[in-house]
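Every position in the sequence shown, counted from 1, becomes a number in the working numbering once 121 is added. Glycine residues also receive a C-beta, built at the ideal position from the N, C-alpha and C atoms. Being a predicted model, the structure only gives us computed values, none of them experimental.
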Amino acid sequence: MRFSHHESGGVVKLTPAEAEVVAQAVRGLTNKEIARALRKSELTVRNQLTAVYRKLGLKRRLQLIAQFRG
122 MRFSHHESGG
132 VVKLTPAEAE
142 VVAQAVRGLT
152 NKEIARALRK
162 SELTVRNQLT
172 AVYRKLGLKR
182 RLQLIAQFRG
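Here it is, written out as structure tokens:
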């Protein structure tokens, strides 16, 4: 699975923590399940996913899943 996205003029890279959360989200886990699996708070997971959405210009979790599965 790739953890970067090509934007016009460059590549957006995710932090290792963001990539870890994305990997779990793409598997279909909820924020609560991701938090348990990675031993993080739900708020941290939500904040990391929000940062990923912003970096990649996404608005929804389904867009994230499509981006990394496709």
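Buried versus exposed, by CB contacts within 10 Å (16 or more), L99: In the structure as shown, the chain starts at 122 and stops at 191, and residue 99 therefore has no counterpart that could be examined.
Residues near K153 in its chain [Cβ-Cβ closer than 7 Å; skip 5 each side]: So the qualifying residues of the chain are E163.
Cβ neighbours of V173 in the same chain (closer than 8 Å, five flanking residues each side left out): Counting only Cβ-Cβ distances below 8 Å, and skipping sequence neighbours, we find L135, E139, V142, V143, L179, L185.
Segments of 3+ residues assigned as beta strand (DSSP E) that fall wholly inside the stretch 127 to 181: With a minimum length of 3 residues, the unbroken runs of beta strand (DSSP E) contained wholly in the stretch 127 to 181 fall at 131 to 134.
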